[in-house]
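By full-length UniProt numbering, the letter at position 374 of the sequence shown is numbered 374, and the numbering carries on one by one without gaps.
No residue lacks a Cβ here, since even glycine has one placed at the ideal position from N, Cα and C.
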Amino acid sequence: MATNTMSEPPAMPSSTFSLAMGLLTFTMTPLDRRLELGHSDYDSDDSYLAIHLDLVVSLSASLCLVFVAMLKSGIIAAEHPPDLHARRPRHRRSWSSLFYALLVCVWAAYNLHSFLRLRGFWGPSITDSDKRRVPSATRNPAYLIRATNGAVASENELCSKMGIGILQDGGNAVDAAVSTTLCIGVVNMFSSGIGGGGFMTVRVPPANASASSEVYAIDFRETAPALSNKTMYVDDPLSSRWGGLAVGVPGELRGLDEAHKRWGKLPWKRLVEPAAQLAAGWKVQNELARRIEMFAPLMLSHPDWKPIFAPDGHLLKAGEIIRRTNLSRTLSIIAKEGPDAFYKGPIADAIVRKVKETGGILSREDLENYHANVKHALQGTYRGRKIYTPHAPTSGPVLIHMLNLMEHYDDLIKEGRSTLNVHRFVEAMKFGFAARTRVGDPAFHDQMQRIHEIPTKEYAAEVVANITDSHSAVVDKDGMAVSLTSTVNLVFGSAVLDPVTGVILNDEMDDFSTPGTPNAFGLYPSPYNYPEPGKRPLSSTTPTILEHEDGSFLMAIGGSGGSRIFPAVFQTILNVDWGMDISAAIESGRLHDQLYPMLVDADDILPSSLLDGLREKGHNITVSDTNRVAAVIQAVFKPNATIYGNMFSIGLISLALALAPFVNAASPEWGQCGGIGWTGDTTCVAGTICTVQNPYYSQCLPSASAPSSTPTTSPTTVIPPPSSSPSGPSTTAVPPPSSTGFVKVSGQKFVLNGQTYPLIGANSYWVGLMGYSTAQMNQAFSDIAKTGATTVRTWGFNDVTSPNGIYYQLWQNGKATVNTGATGLQNFDNVVAAAKANGLRLIVALTNNWSDYGGMDVYVQQIAGSANHDLFYTNANVIAAYKSYINTFVSRYVNEPTILGWELANEPRCRGSTGTSTGTCTTQTITNWVSEISAYIKSIDSNHLVAIGDEGFFNEPGSPDYPYQGTEGIDFNANLNITTIDFGTAHLYPGSWGETSDPTGFGNKWITDHATSQKAANKPVILEEFGVTSDQVSTYTSWYNTIISTGLTGDLIWQAGSHFSTGDTPNDGYAVYPDSPAYAVETQHFAAVKARG
C-alpha cells in the first residue's frame, strides 16, 4: 500500500489556545510520611485559580498536576534513605508517594490564587467559574471545578505562574507547555528534566467552522544507546535502574522543540529563560525537601550531589535556598542556541563523559542522532466520539481496543454500572493486557500488523465473543489541547548527575524488558520490548483527547501509575458514560486485572453486592484499602459550554494481575488461531501457519513459502518537520530486530551471545502431542517458565500407521509421508512459538527407543518387516528413511534460535519395548550409529547443538549396578568423545533400575560420576531426565545440592505438569504441578544454578 504524503499541519489560529497538559509522571512520598495540612486550607470557596485575561482563562492548580511529573510505572522513592546497591521493591513506594504531591498541588493553587488576587488579576469573570467540594472516599479532598473559558493546572506553584506568564505575554498552549515542563524539570528534578523524555498529544482546533481539528502525537521517548543489546541486564538487573548503564538517550528537548517549531508563537528563548533564571536559586519546597531527606546518603556523600543538596554539610530543608547554578548556565545556553546545544558540542561531551564514567554506553553519536517522531495521533471512535492517543510504544492502541470491546454492548449505558457491565469491563481489561504484550517500538517490530489491528473495530468484534456474560489539563475557548507526559523514571532517575551541566540523567532503560526477569509489577518480559540500539521502550502512558461527534473538544485525560494508567483512564471514561461527573468518575472505586497473578484487585469502597456478583462470575477478587495510591487520573471535561475539571483527586486502583482467557477469532490469514481460553479452530488456511504471539494470542501468518500479504491497516505516516527547520536525523524505520542468537557450548558451559546460559528446566513430551490448543501450550510453558526455567525438552516425532489426531509422520505400505499440515509440523510450529513467547529454548528428540508415539520399531517394521529393534541402527534403508525425516524436520527450523538442540533419540538402547533384537548389538553398534547420525544433522544444520538423548549408561562390565554394566549398548564416555556430539545427557530412575535400597544415595553417586566424565571430556553434561514417585522434596533437594556441588552443567526434571480447565496434563507419577511441593524446590534450585554462573 502506498504511503500517503501528509500536508504541513495548519497554522495556529491567532487567538490564544487552551492547554491540556498531560501527566508528567510524578513520584510522591509514602502515606505514612504525608504532609499534615488542615482541611480548612482547602475549604475556602476561593482556594482555586480562575483568571480571565483578554485571550485566555486558565484554571490552574485547582485541576492539580500540569505535569504530575514522572510517576513512571509505579517505581518510586524509597520509604527510608535508600541503599543504592540493594534491590528495592518498587511497587510499595510508587502509589503511596503520589498523595503528597497532590497536597502540595492544592497548596500551590491556594497561594497562587492569593498572589494573583493581591495583584489585581482577579477579573469579573469569576462569576463564570466556581469550585465545590465533592464527596470522596479517600483521605484526600476532591473538588469539581466549573469554568466557561478554560483551565490550566500544574503540580507546582512556581511553574503554574510561569505558564500563566507565557499566556499573558501572548503565548499559546504549546508555549506554556514548553515553559512549564522546563520549570518542573528545575524544581522537581527528582521526577522530570531535560535528561528525560516522554510523549505529547496536541489538538489543533479547526481554523474555521467548516474545518476539522487535527491531532498530532509527538514521541520524544528516550532511546537505547547504539551499544545496547537484549541481554545487557540479565546478569545485573539493577544496572537498568541506577548508574550510567541505565541511561537512555534523552528526548525531552527534541520533543518540546518539535512542538514549538510547529505550533509555538513566542520565541524559543522567551520560553526557556524563565526556567534558567529559576535554576539560579529558589526556595526548597516541601516535596523536594522530603526527596532530599529520603536520599540522604547520596546527597551527603556524593561529590556531584552534595554541593547542590547539602552545600554546608547538612541537607537542605524546606524554605532554604537551593541553587542549580550549572543547570542554570546550561539552560541559558539552550535558550540562546536552541536544543542543538544539548545534543552537540560541549554540553553533549560533558554528559557522555559522565555517563561513561559511571558505567554507561551513551555516545556522542547517540545524542546527535536522536530525533522526536511526529505523527497524526492514533484515532479511534467510541460511541460516536473521537478518541486521539499516541501510537505504540504507548498503550494508546490498547485503550482504544478496550473501549471498542465495550461499544458492543447496547445495554451498557442503560444498565449503568451493573455487575454484568463491570464483569464486562474487567474482561476487556484482561484482553487489553493480552494485546499489550504485542506492543513495542514500531521501528523494531517485525509484525506491525499485530499492533495495527489492536485498535480496529474488526479485531474487537472477533474478541468480544469471548467476553461471557504528571497529568494536568487546560482547555481554553478555542479548544487547543496538549496532553504531555515527561519523566526521568525513578526518583532522581539513574542517580547520575553531571556536575558540569547540572543535568540529572534518566534511567529509562529500566522500562525495557529483561529476558527471564519479570518487571516490578509481575509482568513477564515481552520479546518485543527487549533493548536494542535506537529502540524506545514500551510505555503504559495514554495522554488522550476526546472530541464530541461534531468534532468539538470533549475531554483531555491521562494519568500516572505505571501499568495501571490505561485501565484507570478506561474506567474513568466508562464512569462518565454512566452519568457521573468528572470528579465522581475519577473518585469512584476501581478494579484492576492485569493477567498475572490470577486475581482482580478491588477498592474496598465498592459495594459488597457488586464484588459478590463478580465472584459468582468466576473472578478471584482481592479487596484492598482505597487509600493506597495506585494510579492518578487528571481530566478536563467539556460536555457543553461549561468546562469541568477534577481538582484534588487521586484515582485509586490497585495492582491487580490475573490470568485470563484470551480472545476468539477466525482462522483466515491474519486471523486468530489460538490463545489461552481459545475455543475456536486452531487450523489456518493454506499458505499460513498458526504462530503464537503471546500466551493469549496466536495468529495465522503467511508461511515462509507463501507470499506476504499486505495488512489491511495502513501504516502510520511520519509527518515531516516544517521546511524552515534544519533537517534532522532520518525518521525511516530501522530493520526488524535480529535473531536472539543460538545457544553454543564453551568448555563445560552453554553460552548465549557470549554469556553463560544456565540450562535448567523440565521435560514436557506431551505439549505438542495431545491435541492441546495453542492457549494450553502457552499455559504449560508459562507454568514452567515461572520456576525460572530456561529450557524444555520435548518430542519432535509421532509415527503412525493411520492418520489420527496430531502426528508427524504417516507410514503406509513401507513408505513414510511427513505431515506438514495443521495436525503435523504446523502444530510443532505452535510449540516453538509458545516456547519463544515464554522465553524458553527447546531440546527436541527426533525419535523414540520405545513404542510410545511410534518410534524406532515403526521404521523397522515398515521397511525391514522385522521385529528386531536393533536393525534401526544397522539397516541401510531404515537409516536412509530416518535421515529423510531428520532432513525435513530439522531443515524447517535451521534458523530458529528457540531450538537449543536436537537429540538423536529418546533413550536409545539395543532393545526396545518388545525386547526383541538380533543379539548382535553392542556398545560399538550404537556408538557408530551416533557418529553417523550426528554428523548428518551437523551437515544440514550448523546452528544448533546435537546430543544423543541417552540415559548415560556406563560401559563397565562386571559392575554390580545395572546402569554401569554396558548391557544396553550405551557407552557414555565413548559417546561423549564423539566430535559431533556437543553435550552429554544422563537420566536417573533408581526405582526402575533396581536401585531401591538407597535411591537418593545412588542418585548422588550417579550425578557425581557424570560430573567427573564432564570434566574429563571438557563438555557440558546435563541430567536431562530424573524422577521419583515418592519423597520428591527430600530426594530432589539432595540431588540438586549434588548438582551444584559437583558442577554438573544443568538439569531437566521429568516431568512438568499443568492444571488445564479441561483437566490435568499427563501424570505418570512423576509430574510436578505448580501446586506440587517439588515445584518450589525446582524454583529454588534454578535460582542457585543461575547464581553460580
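Per the coordinates, the alpha-carbon of K414 lies some 10 angstroms from the alpha-carbon of N421.
By the Cβ-count criterion, D857 is buried, with 16 or more other Cβ atoms from all chains shown falling within 10 Å of its own Cβ. Remark: three or more beta-carbon pairs, one from each stretch, lie closer than 8 angstroms, so the segment 181-191 and the segment 283-291 are flagged as touching. In this structure, T485 sits near P543, with a CB-CB distance shorter than 9 angstroms. Take E368, set aside five residues on each side of it, and the residues of its chain with a beta-carbon closer than 7 angstroms to its own are Y343, K344, in chain order. Per the Cβ contact rule, the segment 382-399 is in contact with the segment 215-234 (3 or more Cβ pairs under 8 angstroms).
The continuous beta strand (DSSP E) containing Y382 extends over residues 378-382.
In this structure, DSSP gives L610 a helical state, which the three-state scheme calls helix.
Put simply, the backbone Cα of Y873 is about 54 angstroms away from that of I467. Annotation for H401: the continuous alpha helix (DSSP H) segment containing it runs 396-406. Distance between W268 and P339, taken at the CA atoms: about 10 angstroms. Closest in C-alpha terms to K1019, from the list I981, W1039, I1044, G1003, comes I981. Two segments are said to touch when three or more pairs of C-beta atoms, one from each, lie closer than 8 angstroms; by this definition the segment 797-814 does not touch the segment 755-765. In the DSSP assignment, R385 forms a beta bridge with Y382. Following the DSSP letters along the chain, one finds G432 inside the alpha helix (DSSP H) bounded by residues 419-436.
Annotation for V743: no beta strand (DSSP E) segment contains it, and DSSP assigns it neither H nor E. According to the DSSP secondary-structure assignment, N848 is paired through a beta bridge with N906.
G396 counts as buried, since no fewer than 16 other beta carbons sit within 10 angstroms of its beta carbon. Membership of Q1084 in the alpha helix (DSSP H) is indicated by the continuous run 1077-1092. Rounded to the nearest whole angstrom, the CA to CA distance from G761 to A460 is 37 angstroms. The beta strand (DSSP E) runs lying completely inside the segment 918-959 and spanning 3 residues or more are 945-947, given in chain order. Judged by DSSP secondary structure, F570 falls within the alpha helix (DSSP H) whose first and last residues are 565-577. Counted as a single uninterrupted DSSP element, the stretch harbouring L412 is not any beta strand (DSSP E) but the alpha helix (DSSP H) occupying residues 412-415. Residue burial annotation: D169 is exposed, with fewer than 16 other C-beta atoms found within 10 angstroms of its C-beta. Secondary structure note for W305: it is in no alpha helix (DSSP H), with a DSSP letter that is neither H nor E. No Cβ-Cβ contact shorter than 9 angstroms links V818 with G854.
Here R793 is bridged, per DSSP, to N763, I843. Between L842 and I784 the beta-carbon gap is near 11 angstroms, outside 8 angstroms, which marks them as no contact.
Scanning its chain for C-beta atoms nearer than 8 angstroms, with the 5 sequence neighbours on each side dropped, one finds around N977 the residues A1017, in chain order.
Taking 8 angstroms as the upper bound for CB-CB distance, N877 and I863 are in contact here, some 5 angstroms apart. Comparing alpha-carbon positions, the option among V636, T419, D498, Y757 lying closest to E616 turns out to be T419. Within the same chain, Cβ atoms closer than 8 angstroms to the Cβ of Q1032 are found at V1072, S1076, P1077, A1078, V1081, the five residues on either side in sequence being excluded. Counting only residues of its own chain and dropping the five nearest sequence neighbours on each side, S884 has a CB closer than 8 angstroms to the CB of A816.
Rounded to whole angstroms, the Cβ separation of G360 and L245 is 5 angstroms, and the two are in contact under 8 angstroms. Straight-line measurement puts the Cα of L182 at about 45 angstroms from the Cα of Y757. Ranking T456, A279, L271, T787 by CA distance to the CA of E407 puts T456 first.
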